[in-house]
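Visitor: Protein chains in written order, with our numbering: chain A, 709 to 1298; chain B, 709 to 1298. All C-beta atoms, glycine included, are put in the ideal place defined by N, C-alpha and C. These numbers were taken from a predicted model, which means no experiment stands behind them.
Number of protein chains: 2
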Amino acid sequence: MKDIDLSQIKTPADIRNMSLPELNELAAKMRATLIDKLAAHGGHIGPNLGMVEAVIALHYVFDTPEDKIVFDVSHQTYPHKMLTGRMQAFTDPEHYDDVTGYTNPAESPFDLFSLGHTSSAVSLAAGLAKARDLRGGHENVVAVIGDGSLSGGVAFEGLDYGATLGTNFIVVVNDNQMSIAENHGGIYADLRLLRHSNGTAEPNLFRSMGYGYRYVNYGNDLRSLIEMFSSVKDVDHPVVVHINTMKGMGLPAAEADKEAYHYGGPFDKTTGAPLHEDNPDTAPIDYSEFFARLMMKYMADDPSVVTITAGTPGAIGFGPERRRQAGRQFIDVAIAEQTAVDVASGLAKGGMKPVVGVVSTFLQRAYDQVSQDIALNRQPATLAIMYGSMFGMNDETHLGFFDIALLSNIPSLIYLAPTCKEEYEAMLKWSINQTEHPVVVRAPGFLAVSDPSVELLEDYSEPRYEIVRRGGNVALIGAGSMFSVMKKAAELLAKDGVDVTLINPRNLSALDTETLDALRDYKLLITAEDGIVDGGYGQKVASYLGEAPVKVVNLGLPKEFLNKFNATELQKQCGMTPEQIAETVQKSLK
Amino acid sequence: MKDIDLSQIKTPADIRNMSLPELNELAAKMRATLIDKLAAHGGHIGPNLGMVEAVIALHYVFDTPEDKIVFDVSHQTYPHKMLTGRMQAFTDPEHYDDVTGYTNPAESPFDLFSLGHTSSAVSLAAGLAKARDLRGGHENVVAVIGDGSLSGGVAFEGLDYGATLGTNFIVVVNDNQMSIAENHGGIYADLRLLRHSNGTAEPNLFRSMGYGYRYVNYGNDLRSLIEMFSSVKDVDHPVVVHINTMKGMGLPAAEADKEAYHYGGPFDKTTGAPLHEDNPDTAPIDYSEFFARLMMKYMADDPSVVTITAGTPGAIGFGPERRRQAGRQFIDVAIAEQTAVDVASGLAKGGMKPVVGVVSTFLQRAYDQVSQDIALNRQPATLAIMYGSMFGMNDETHLGFFDIALLSNIPSLIYLAPTCKEEYEAMLKWSINQTEHPVVVRAPGFLAVSDPSVELLEDYSEPRYEIVRRGGNVALIGAGSMFSVMKKAAELLAKDGVDVTLINPRNLSALDTETLDALRDYKLLITAEDGIVDGGYGQKVASYLGEAPVKVVNLGLPKEFLNKFNATELQKQCGMTPEQIAETVQKSLK
Chain A
709 MKDIDLSQIK TPADIRNMSL PELNELAAKM RATLIDKLAA HGGHIGPNLG MVEAVIALHY
769 VFDTPEDKIV FDVSHQTYPH KMLTGRMQAF TDPEHYDDVT GYTNPAESPF DLFSLGHTSS
829 AVSLAAGLAK ARDLRGGHEN VVAVIGDGSL SGGVAFEGLD YGATLGTNFI VVVNDNQMSI
889 AENHGGIYAD LRLLRHSNGT AEPNLFRSMG YGYRYVNYGN DLRSLIEMFS SVKDVDHPVV
949 VHINTMKGMG LPAAEADKEA YHYGGPFDKT TGAPLHEDNP DTAPIDYSEF FARLMMKYMA
1009 DDPSVVTITA GTPGAIGFGP ERRRQAGRQF IDVAIAEQTA VDVASGLAKG GMKPVVGVVS
1069 TFLQRAYDQV SQDIALNRQP ATLAIMYGSM FGMNDETHLG FFDIALLSNI PSLIYLAPTC
1129 KEEYEAMLKW SINQTEHPVV VRAPGFLAVS DPSVELLEDY SEPRYEIVRR GGNVALIGAG
1189 SMFSVMKKAA ELLAKDGVDV TLINPRNLSA LDTETLDALR DYKLLITAED GIVDGGYGQK
1249 VASYLGEAPV KVVNLGLPKE FLNKFNATEL QKQCGMTPEQ IAETVQKSLK
Chain B
709 MKDIDLSQIK TPADIRNMSL PELNELAAKM RATLIDKLAA HGGHIGPNLG MVEAVIALHY
769 VFDTPEDKIV FDVSHQTYPH KMLTGRMQAF TDPEHYDDVT GYTNPAESPF DLFSLGHTSS
829 AVSLAAGLAK ARDLRGGHEN VVAVIGDGSL SGGVAFEGLD YGATLGTNFI VVVNDNQMSI
889 AENHGGIYAD LRLLRHSNGT AEPNLFRSMG YGYRYVNYGN DLRSLIEMFS SVKDVDHPVV
949 VHINTMKGMG LPAAEADKEA YHYGGPFDKT TGAPLHEDNP DTAPIDYSEF FARLMMKYMA
1009 DDPSVVTITA GTPGAIGFGP ERRRQAGRQF IDVAIAEQTA VDVASGLAKG GMKPVVGVVS
1069 TFLQRAYDQV SQDIALNRQP ATLAIMYGSM FGMNDETHLG FFDIALLSNI PSLIYLAPTC
1129 KEEYEAMLKW SINQTEHPVV VRAPGFLAVS DPSVELLEDY SEPRYEIVRR GGNVALIGAG
1189 SMFSVMKKAA ELLAKDGVDV TLINPRNLSA LDTETLDALR DYKLLITAED GIVDGGYGQK
1249 VASYLGEAPV KVVNLGLPKE FLNKFNATEL QKQCGMTPEQ IAETVQKSLK
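(1) Scan the segment 870 to 895 of chain A for residues whose Cβ lies nearer than 8 Å to a Cβ of chain B and list them as they occur along the chain.
(2) Under DSSP, the alpha helix (DSSP H) around residue 1131(B) begins and ends at which residues?
(3) Determine the contact status of residue 798(A) and residue 741(A), defining contact as a CB-CB distance below 7 Å.
(4) When DSSP labels each residue in this structure, what does residue 810(A) get in the three-state scheme?
(5) Name the chain A residues whose beta carbon is nearer than 7 Å to that of residue 1047(B)?
(6) Which class does residue 1269(B) belong to by DSSP, given the choice of helix, strand or coil?
(7) Does the pairing of the segment 857 to 871 of chain B with the segment 792 to 810 of chain B give three or more beta-carbon distances under 8 Å?
(8) DSSP three-state call for residue 854(B): helix, strand or coil?
(9) Using a threshold of 7 Å, state whether the C-beta atoms of residue 680(B) and residue 865(A) are closer than that.
(10) Indicate whether residue 1072(A) and residue 1168(B) have their beta-carbon atoms separated by less than 7 Å.
(11) Considering residue 1276(B), what are the terminal residues of the beta strand (DSSP E) in which it resides?
(12) Give a yes or no on whether 7 Å exceeds the smallest Cβ distance from residue 1119(B) to chain A.
(13) For a quick check, are the C-beta atoms of residue 946(B) and residue 919(B) less than 7 Å apart?
(14) Please name the residue, chosen from 938(A), 968(A), 910(A), 1115(A), that lies closest to residue 1215(A) on a Cα-to-Cα basis.
(15) Roughly how many angstroms separate the alpha carbons of residue 896(B) and residue 1042(B), rounded to a whole number?
(16) Following the continuous beta strand (DSSP E) through residue 767(B), name the residue where it begins and the one where it ends.
(17) If you measure between the beta carbons of residue 792(A) and residue 818(A), is that distance less than 7 Å?
(18) Check whether the segment 1149 to 1163 of chain B and the segment 1125 to 1137 of chain B are in contact - that is, three or more C-beta pairs closer than 8 Å.
(19) Can you name the residues that DSSP bridges to residue 1166(A)?
(20) Please report how far the alpha carbon of residue 806(B) lies from the alpha carbon of residue 1192(B), in whole angstroms.
(21) Mind checking whether residue 929(A) and residue 899(A) have CB atoms under 7 Å apart?
(22) Let me check understanding here. Comparing Cα to Cα, which of 1282(B), 997(B), 963(B) lies closest to residue 1157(B)?
(23) Here's the rule: buried if 16 or more other CB atoms are within 10 angstroms of the residue's CB, otherwise exposed. What is residue 1229(A)?
(24) What residues in its chain sit with their C-beta under 8 Å from that of residue 1283(A), if we drop five residues either side in the sequence?
(25) Below 9 Å between beta carbons is the criterion; list the residues of the segment 940 to 958 of chain B that meet it against any residue of chain A, in chain order.
(26) Helix, strand or coil for residue 951(B) per DSSP?
(27) Give the list of continuous beta strand (DSSP E) stretches no shorter than 3 residues that lie fully inside the segment 914 to 960 of chain A.
(28) Indicate whether at least one CB of chain B lies closer than 7 Å to the CB of residue 1247(A).
(29) Which parts of the segment 1016 to 1059 of chain A are runs of the alpha helix (DSSP H), unbroken and 4 residues or longer, counting only runs that do not cross its ends?
(30) Following the continuous alpha helix (DSSP H) through residue 1223(A), name the residue where it begins and the one where it ends.
(31) Give me the chain B residues within the contact set of residue 1225(A), using Cβ-Cβ distance strictly less than 7 Å, ordered along the chain.
(32) Consider the Cβ of residue 1250(B): report whether some Cβ of chain A lies at a distance smaller than 7 Å.
(33) Per DSSP, residue 779(A) is paired with what?
(34) What residue does the beta strand (DSSP E) around residue 1123(A) start on, and which one ends it?
(35) Find the nearest neighbour of residue 833(B) within the set 775(B), 767(B), 1045(B), 1121(B), judged by alpha-carbon distance.
(36) Opposite residue 1210(A) in the DSSP bridges: which residues?
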């Protein structure tokens, strides 16, 4: 047996002549290396530690990249990256940032898609398998999907369609008995039954959908995995390989608290204790936390208030203790945004006051339900959007700056963009307690900011802009998180003796035409929003004032899938710093 | 036994004291009445004829409206409307148009939601059930969903979540062995197995998801249905009642050709033969037919071209004969738009040339997949949109005028709006054969129109406007189907001695800034598009020219869920007739 040198592994071919003991050593070294990087750098902890052996076995058995493996969500692909030419990004701290946290074809031909939303891998792989069959090819096509991702509708759709292929199609179900938090849904009882019967029980979800079915009880045992994958390699029909793995394996803290260690920042690699933990009494709170505190109060005060998540309770501030306290008033429908929105519609129809707390980029998975079942049906549900901002997640699969364009153009839906904590609370409270309108309330950025001077309303159903200051012939309209930027720009200009009109529009889905009409003969009007310009709020203003003398400038983000950008730099590139805006105004006055 | 007088049935309470023979007579009379109306008026034929007995049994057994019934898609609710106060709309030809073809709360408190997209009923009903439980209520909650709708992702999500309720929740699966066309998917083998075993077989999809399961083999037999529904009334846990019904029952032609009689226009009620059938040699063809003819040619010429539908082959011109001819190059993934888009992504990645033919209003169900798996991944798939127009379907649940705003704001997706057959063909052909861009090609309205004068390009990747005529200081930009309107306006103006610039923009997702820059000092620029103004094409132009002297007017539709509108009237209300546009120009010149 040779001593394994990770730096010598450049492609999966480099592991295919290893003996089982060598592979086991490889797994141990990879896991230790992963823990080192995760401890220093943070990232998806549990998903990757649990999949070290399975990924090794897949690349050992299948002839990648000729054989195709599509990893669902792809947040479990650190081991895959280690085996496919990117080992240095895990062994060398100076290269930690060489790779993203997801598969990305720009990084490697072993990465088939840029993926970050769950549940799509089975359908994507079915397309690859169909292409193979039409071409007359013979490669294996493998989709790897977690038990948590199975709850997403497109995963079921893909399983349903994939079963009809009639040719080689292998779905590896990585069952670590967890979603991001605990699983919810009828299928999880079946998965449990299958695990407890060593895969022999009926009913069997996968058989019922038309798949051959195999079970691996020790999904972190390389020998079992290699034997199983070898047995299905070149199979001539669709088959599910259900593997039982340990999320967080090798890091005791992660094995013990799977939710806390799904994703995390740097930690002490011995104890798992987070480094740089903020003092909860003094640390600034983010809008997820602020939202959760408000909702706990509203739910305690009114038993008809209900908080809903689609599998991401942590992202909306609902850790295990709050979920326990909220009891029946907190619903996790599992990763199933369409159903989260439809359950909210049903709850509203049934007289409840539902609030869906949801990350901006994930709500787009339920556009049809928002449009048809909430907006068209005028159900007074609240959609509380988190991370709807350039100052949030910055992976190209998790962008938070499309939701204004996506949602503000849906009829009858009121899109509110508060500018600070005080306004957020007023809008959320109004939305929950009114009974006529479907409402979006977007959290204004990441950290909760205070502005006691904001004018609060009792009723946000009609678009009414707040005119915060009145000036000469220039108006600045700052939407949501961009209001504070516009305010600073106005202050800079005031110092230079230029008084501008400063407006908080509050509502991004309808125009306060009375206020806008009063600006028709201004020299310049600038709008700024924390989202793409195309399809957004500012363009509505530009269109409305298209025949007026006033010049209109719409500031916002470019329509691009940006990746790993620096938000502060981006703001500057978009001409959206206070200084740049003040300068734009000064130029226009010359 | 009393003679049944349909006109005396005002509410379901009026049938609850009937004997079984009376109910059978009721069913016979309702079916005959339905056939009369359908023969004279058209509508959803098969779905309603198959559900007469089940709907009677549901209202007989359950205490509606206290008990809640949510009908999926709700195109099978004509019998429900007959029993809930709207009988006259079926018995009296003068009142045929009093009701829409779907449930609608504006019509009746027995209609819980306005529904027209499939697969959402289970999740909506789960929300109602949860509201009941939180309230401490005791009513039954019933979702009625067809086998064809089960393939939609949100239906699986809803089943998965509904199974966890732990309280009364009844899902009636109306299995008529058909989607709109034939079913596709692994679950249909299981449904067949269940039917052939009188409900006793394993595997059982519903049991695997955690439901109690009951089967009714004679789903058009009132006695069986009443017994079964009575046995599950007030059940204390989630249960599926699987009923085997005959789509089109009572109209032999509809029983024999279920696809042709899913939805249809007036027909001879004895033979079922369509009235007013067009002469196929002389009738004008629509874009679905034109698309299908082109695709048949492309597929025959190139084995890598693939046409994909999500359960609506007829809507894209693919009747049974074309499907047979196209063979493996035609894929129906079932009603599962998310998977249709993802399979296209996988096919493109695998070197194929996939084209998803899809109705505008249904593509919105796959927004996330279009954004993430097609656009972000830059897969050269083509999305061919049908009925993307105000001149198409006009039910509030099936509107075709939101797709420009929805899709043109997705990065890297090229949205093409051809103006006529010739341009449609050129754009579709370019899109299929290029390998770099995700592309939308929107059919220009309903009937295929010819304009041999249109300038065709070899390459549509860059936004390049066609300047069709050059005039003084007014420019008209007509997008897609609105181009011909603008052209007529320009001709009217020319007759009055006013020469305007007329532009076909071709591309609605990016601006030809060179062409637009040349219009900066014009007096007036008018854009018109066959979609809502908000978030659409014209607003991009208004924003881009926001600082230019030219006045910009954006014509298009209001952001509203219009229902049963007259498209010609709507066009006029929006100021979009050639005469109105010419007048707008004349006024601006004064």
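Guide: Inspection of the coordinates gives the following:
(1) 870, 871, 872, 892, 893, 894, 895
(2) 1129 to 1141
(3) yes
(4) coil
(5) 831, 862, 865, 866, 869
(6) coil
(7) no
(8) strand
(9) Residue coverage of chain B in this structure runs from 709 to 1298, which leaves residue 680(B) outside it and unanswerable.
(10) no
(11) No beta strand (DSSP E) holds residue 1276(B); the alpha helix (DSSP H) holding it covers 1275 to 1281.
(12) yes
(13) yes
(14) 1115(A)
(15) 11 Å
(16) Where residue 767(B) is concerned, there is no enclosing beta strand (DSSP E), although the alpha helix (DSSP H) it sits in stretches over 760 to 769.
(17) yes
(18) yes
(19) None; residue 1166(A) has no bridge partner.
(20) 34 Å
(21) no
(22) 997(B)
(23) exposed
(24) 1263, 1289, 1292
(25) 946
(26) strand
(27) 920 to 924, 946 to 952
(28) yes
(29) 1028 to 1034, 1045 to 1057
(30) 1221 to 1225
(31) What residue 1225(A) touches in chain B: nothing, since even the nearest Cβ is about 16 Å away.
(32) yes
(33) 852(A)
(34) 1122 to 1124
(35) 775(B)
(36) 1177(A), 1184(A)
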